[in-house]
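So that you can map any letter, position 56 of the sequence shown is 403 in our numbering, and since no number is skipped, the others follow by simple counting.
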Amino acid sequence: MRHNVYLIAILATALVGCGGLTPGSARPSTVPGGSYRGVGTGAGLESLTALAKRFEQLHPGVAFKLEDLGADTSIALVANGDADFGFLSRDLKADEKTRLTSLPYAGTGTGLAVNPLNVIGALTKEQVRKIYAGDITDWSQVGGQPGEIRPLVRENGSSTRASFEAYFFDGKPTYGKNVIEVVESGPTYQAVRDFKSAIAMITIQKTTAEDPTLRLLALDGIAATTRNVNSGAYPVRRPIVLTLHPDPARMKPTVAAFFDFIKTAEGQEILAGF
């Protein structure tokens, strides 16, 4: 709580200069220029990149370098002061809270994707659990065309996998012998594109929702859309948080101003698109 109080105080003083400039405003920026590094996981990268681009337009001289380095690496870099801030698609664990301060700013969903040639458009929670547990092994068992199901899971440590397991297995997964582990989101998406029989756990975001080479399945009648994730209608949702070094004195004014911009009406409008 003490860190949060200090953080709020810094935000209140350092953010005055952000000012909510409009695209046509002639008022010069009072935000210090420079290059700032943000590190984290892919689920937050897409929306944060759009926010950073707009902030750079409003404040010439500011440049953000955002890197998808994974949760563990980004936590270490922020805690050591080697990155200005981080972004994660999950809450901090108990031990991580002693090393970092977190600020929730958005949310994302975990869904299931199949190849567009697959006729399946929706599954129930129980069907998904049975597919990954190895109790359902053929698409004909869930209303699809006959063919062996090839379930894909993300690697251990993935936020997508953690939220999937928490929802479908109450945190205690029992996977069937036919489950295949794929490392990172890119290869996972490609595997779904390459194999008609595949089903994979994926992050619901603008790029996946609009990708014509993937079909996101409705879950228990709720479409896997960003709108349903943002409204809370879609059931498998996880937070996206910004992370900082716990010492408030190390918060850079420009980073504080950027965080404040995210909370403005314009920042929230940008977020709504993801």
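Backbone N, C-alpha and C define an ideal beta-carbon position, used for all residues, glycine too.
By the three-class DSSP mapping on this structure, what secondary structure does residue i have?
i, result
"D415", "strand"
"S372", "Because S372 carries a pLDDT of 45, less than 50, the predicted location of this residue cannot be relied on, and the following value inherits that uncertainty. It is coil, neither helix nor strand."
"L470", "strand"
"I422", "helix"
Tell me the residue span of the beta strand (DSSP E) that contains residue i.
i, result
"L450", "T448 to V461"
"Y383", "G381 to G387"
"P586", "R584 to L591"
"G433", "F432 to L435"
"E613", "Looking at the DSSP string, E613 is not in any beta strand (DSSP E); the run it does join, the alpha helix (DSSP H), is A612 to A619."
"R497", "R497 to R501"
Does the distance from the C-beta atom of residue i to that of residue j stay below 8 Å?
i, j, result
"D415", "L392", "yes"
"A390", "I587", "yes"
"L424", "A430", "yes"
"I617", "A397", "yes"
"R574", "T560", "no"
"T420", "S506", "no"
"L447", "L564", "no"
"L435", "T590", "yes"
Between the alpha carbons of residue i and residue j, how many angstroms are there, rounded?
i, j, result
"T369", "Q404", "Any reading at T369 needs caution, since the residue's pLDDT is 44, under 50, leaving its predicted position unreliable; the model's value is listed next. Their backbone Cα atoms lie some 10 Å apart in a straight line."
"I422", "P582", "27 Å"
"A373", "F402", "The predicted model places A373 with a pLDDT of 42, which falls under 50 and marks its position as unreliable, so this point remains unresolved."
"K400", "Y536", "26 Å"
"R437", "R585", "6 Å"
"G428", "T455", "27 Å"
"I549", "G614", "25 Å"
"K571", "G433", "Correcting the residue identity first, residue 571 is Ala in this sequence and not Lys. Cα to Cα, the separation comes out at about 27 Å."
"Y452", "A619", "12 Å"
"L464", "P407", "47 Å"
"V466", "V526", "21 Å"
Between which two residues does the alpha helix (DSSP H) containing residue i stretch?
i, result
"V602", "P600 to I609"
"T555", "K553 to A556"
"E528", "That residue, E528, is in no alpha helix (DSSP H); its beta strand (DSSP E) goes I527 to V529."
"V539", "S532 to D541"
Report yes or no: do three or more beta-carbon pairs, one from the segment 594-603 and one from the segment 518-535, lie closer than 8 Å?
no
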